[in-house]
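Worksheet: one structure, shown below.
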Amino acid sequence: MEHNPSRFLEEQVDGKALVLIVDDDPSHCKMMELMARKLGLKTHSVPSCGEALDALNMFSFDAILMDCRMPEVDGCACAKLIRQRGGVYSDIPIIAVTADIFDERPQRCLDAGMNDVLSKPFILSQMQEKLRRWLQVKI
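Going by the numbering used here, the residue at position 22 of the sequence shown is 22; the numbering climbs one at a time, nothing skipped.
This is the structure we're talking about:
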């Protein structure tokens, strides 16, 4: 996942919503990128919470799709770190992406400050419904 600031600055000025995808699995990132682009959204993907925090310092995202199970810092802990920053970070929609829907993980995600949960596996219309609910633009 190559970092090219000028490309993302260009994406932000074209009026499309910019979604941060946080997932340590490159194939999951690629799938979510393709789906989001089909919805007319721009994306930036990172593999870790640390890189997500760095990206949030550099760019203004409209929403975050956050994998719950990641090494080092999981999605719930990362959401808490984002919310603790306050300001605009307290309002950015964070959607948990998880396959663990039969345990307490969805509620843990919401308790950590995430706004919604998208259950894996999901199809384009499910992603669209979640993003439409939280984004201020039509998709």
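By construction, the Cβ of each residue, glycine as well, lies at the ideal position given by its N, Cα and C atoms.
The way I'd put it, the region 50–60 doesn't touch the region 30–42; fewer than three beta-carbon pairs between them come closer than 8 Å. Here DSSP, grouped into helix, strand and coil, assigns VAL88 to helix.
Within the same chain, and ignoring the five residues on either side of LYS16 in sequence, the residues whose Cβ sits closer than 8 Å to its Cβ are GLY40, LEU41, LYS42 and VAL137. Counted as a single uninterrupted DSSP element, the beta strand (DSSP E) harbouring MET66 occupies residues 63–67. For ALA96, the uninterrupted beta strand (DSSP E) segment begins and ends at 94–98. Contact annotation: ILE95 and TRP134 have beta-carbon atoms nearer than 9 Å.
With fewer than 16 other beta carbons inside 10 angstroms of its own, ARG85 counts as exposed.
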